[in-house]
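Residue numbers are given in our numbering: position 306 of the sequence shown equals residue 306, and the series is strictly consecutive.
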Amino acid sequence: SYNPIKAFTILLEARAENARKRKELLSLFSRANDLLGRLEKEESRLLPLSGRSIRRTMEHHIDQLKRENVHILVAGETSAGKSSLINLILGEEVLPSNFLPTTSAICELKYGKERQIVLHYKEADSTKEKRQETFGFVDPAELQKYVGGAKQKKCSNYEKIEIFLPHQLLEKGIAIVDSPGIGETKHMTEMVTEYLTQALAFVYVINTPNSGGVKEDRIEELLQSTMRKVFEKIHEDLPQGSQNEPLENEFQSNCALFLCNKWEYVLNNEDANPDEVKEDVIRKLKNCWPGLVTEDQVFFMSVKDAKKAAKDGRVSDDFVNFMNSMGSMIFKSCKTRLEIHWR
Numbered sequence: 001s002y003n004p005i006k007a008f009t010i011l012l013e014a015r016a017e018n019a020r021k022r023k024e025l026l027s028l029f030s031r032a033n034d035l036l037g038r039l040e041k042e043e044s045r046l047l048p049l050s051g052r053s054i055r056r057t058m059e060h061h062i063d064q065l066k067r068e069n070v071h072i073l074v075a076g077e078t079s080a081g082k083s084s085l086i087n088l089i090l091g092e093e094v095l096p097s098n099f100l101p102t103t104s105a106i107c108e109l110k111y112g113k114e115r116q117i118v119l120h121y122k123e124a125d126s127t128k129e130k131r132q133e134t135f136g137f138v139d140p141a142e143l144q145k146y147v148g149g150a151k152q153k154k155c156s157n158y159e160k161i162e163i164f165l166p167h168q169l170l171e172k173g174i175a176i177v178d179s180p181g182i183g184e185t186k187h188m189t190e191m192v193t194e195y196l197t198q199a200l201a202f203v204y205v206i207n208t209p210n211s212g213g214v215k216e217d218r219i220e221e222l223l224q225s226t227m228r229k230v231f232e233k234i235h236e237d238l239p240q241g242s243q244n245e246p247l248e249n250e251f252q253s254n255c256a257l258f259l260c261n262k263w264e265y266v267l268n269n270e271d272a273n274p275d276e277v278k279e280d281v282i283r284k285l286k287n288c289w290p291g292l293v294t295e296d297q298v299f300f301m302s303v304k305d306a307k308k309a310a311k312d313g314r315v316s317d318d319f320v321n322f323m324n325s326m327g328s329m330i331f332k333s334c335k336t337r338l339e340i341h342w343r
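The structure is reproduced here in C-alpha cells:
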C-alpha cells in the first residue's frame, strides 16, 4: 500500500544532505563574517560590493542558509484537482474537495501535534480586533465552515491560512502550500510568485479535459514574474558580472512539474485522440516554460483513479513515476540553491 514516507524517501535523503551542506556553508560564511567584522571601518570601506558591503552580503547569505523550510507549492486552475492531489500525496483525506475554490488566500499545510486552522487577516481588515484566529477541528469537512459556501466572500480578508496536522510526512519538515488559481488577480499572482521563489518544488495541476487545460498566458505571466523575482533575489547582494545567471535559468526550468489531471476523461472520450491531446499540451507548455524536459516534468494521469488504487492497497504506476520525479526535482533544487551561495 502507499506510504507517504516511503514515497518521499529520496526527498528526505535530499533534505538531510542539503542540511549537512548548508551547515558547512553556514560555518564558512560565519567565520568569514567574523573576520570581516574585525577589520577597521576604513579598511571595510575598501571592499564595496554592488553598493553594499561584503559583510552585509555575508549576513544575507547567513540569514538565507538558516532557513531550512522545504516547501512544495501546488498551484493550478480552479477545479483542476489540487486538493485531491495533496490528499493523495499525504495518503489521507486532509482537505475537502475544492477547499480554496475562489479565495485569494494561500494555504500552508504544516506539522502540528493538534489539528488546527489559523486564519491570518489582512491588515486592511479593520473589522477584526485580532490579526489571526485559531480553531481546532477533527474532521476535514469542518474546514469548509471557515472558507466554504457563504464564507467564500470573507476569504478575501485572509492573507493566508495555516493548517496544522499531526502527519508523519509534515513532521519530517515538509510543508505543502496550496494556492488558488493563478492569474485571477495581480495580487494572487504576486503572492504565488513570492512562494515559488522559495519553494523547492512547484506542481502545476492542469484540468486536461478543459480544452487541453493549459492557460499559456497565465503560466507565462507566472514564469516571467517569478524569473524577475528570482533574478532580484540572486543578484541583490552579489557582485556585478556574477556567474549565477545560468543557475537562475536552471532553477526555474528544473523546479516545476506539470500534472495533467483527469486523464480518464480523455481516454474515455471517443472523440478525443490521447496522443494529439498530449502533443498539444506539451507544445503549449514548451511555449510558456522554456527548458522543459517533457519526460521528467510533464505527467498525464488520473488523480481519481490513483486514489481508488490507494484505497485498494495498490499504487498506480503513473503516481509512482510522478513522485519519483518530484523527489529528483527537489534534490536538484537543493543543489542549485546551495550553488547560488558559494558561486
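For glycine and all other residues, C-beta sits at the position ideal for the given N, C-alpha and C.
>> Among the candidates 334, 176, 36 and 158, whose CA atom is the shortest distance from the CA of residue 122?
In response: 158
>> Going by DSSP, what residue range makes up the alpha helix (DSSP H) through residue 293?
In response: It is not in any alpha helix (DSSP H) - residue 293 carries neither H nor E in the DSSP assignment.
> Do you know how far the Cα of residue 34 is from the Cα of residue 326?
Replying inline: 38 Å
> By Cβ distance below 6 Å, which residues in the same chain neighbour residue 299 in space, the five residues on each side in sequence not counted?
Replying inline: 259 and 322
>> Let me check understanding here. Comparing Cα to Cα, which of 85, 170, 294 and 265 lies closest to residue 210?
In response: 265
>> Measuring only the C-alpha atoms, how far is residue 119 from residue 3?
In response: 30 Å
>> Using only the alpha-carbon positions, how far apart do residue 57 and residue 194 sit?
In response: 21 Å
> Considering only the beta carbon of each residue, do residue 72 and residue 330 sit closer than 9 Å?
Replying inline: Cβ distance < 9 Å, so residue 72 and residue 330 count as in contact.
> Would you call the segment 164-175 and the segment 108-117 touching, i.e. three or more CB-CB distances under 8 Å?
Replying inline: The answer is yes - the segment 108-117 touches the segment 164-175, with three or more Cβ pairs under 8 Å.
>> Just verifying my parser: in three-state terms, what is the DSSP assignment at residue 160?
In response: strand
> Does DSSP put residue 167 in a helix, in a strand, or in coil?
Replying inline: coil
> Using 8 Å as the Cβ pair cut-off and three pairs as the minimum, do the segment 300-314 and the segment 262-279 touch?
Replying inline: yes
>> So the candidates are 147, 59, 332 and 312; which of them puts its Cα closest to the Cα of residue 106?
In response: 147
> Apart from the five residues just before and just after residue 15, which ones in its own chain have a Cβ nearer than 6 Å to its Cβ?
Replying inline: 70
> In chain order, which alpha helix (DSSP H) runs of at least 4 residues are fully inside the segment 300-339?
Replying inline: Fully enclosed alpha helix (DSSP H) runs of 4 or longer: 303-311.
>> Can you tell me whether residue 50 is buried or exposed? The criterion is at least 16 other CB atoms within 10 Å of its CB, across all chains shown.
In response: Since pLDDT at residue 50 reaches only 46, below the 50 mark, its modelled position is unreliable, and the value read off the structure follows with that caveat. So residue 50 ends up on the exposed side.
>> Using a Cβ-Cβ cutoff of less than 6 Å, which residues in the same chain neighbour residue 320 once the five nearest sequence positions on both sides are dropped?
In response: none
> With 16 as the cutoff for other CB atoms within 10 Å, does residue 311 come out buried or exposed?
Replying inline: exposed
> residue 66: buried (16+ other C-beta within 10 angstroms of its C-beta) or exposed?
Replying inline: exposed
>> Within a Cβ cutoff of 6 Å, which residues of the same chain sit near residue 337, ignoring the five residues on either side of it in sequence?
In response: none
> Thinking C-beta only, is residue 81 closer than 9 Å to residue 192?
Replying inline: no
> Using DSSP with H/G/I as helix, E/B as strand and the rest coil, what is residue 260?
Replying inline: Of the three classes helix, strand and coil, the one that applies to residue 260 here is strand, per DSSP.
>> Tell me the DSSP secondary structure of residue 37 in three-state form.
In response: helix
>> On the criterion of 16 or more Cβ atoms from any shown chain inside 10 Å, does residue 94 qualify as buried, or is it exposed?
In response: Flag for residue 94 reads buried.
> From residue 292 to residue 38, what distance separates their C-alpha atoms?
Replying inline: About 47 Å.
>> Using the Cβ count rule (16 or more neighbours within 10 Å means buried), how would you classify residue 145?
In response: exposed
> What's the gap between the Cα of residue 315 and the Cα of residue 31?
Replying inline: 48 Å
> Excluding five sequence neighbours on each side, which residues of the same chain lie with their C-beta closer than 8 Å to the C-beta of residue 5?
Replying inline: Excluding positions up to five away in sequence, the list reads 12, 168, 169 and 172.
> Which class does residue 198 belong to by DSSP, given the choice of helix, strand or coil?
Replying inline: coil
> Going by other Cβ atoms of all chains shown within 10 Å of its Cβ, with 16 needed for buried, is residue 208 buried or exposed?
Replying inline: buried
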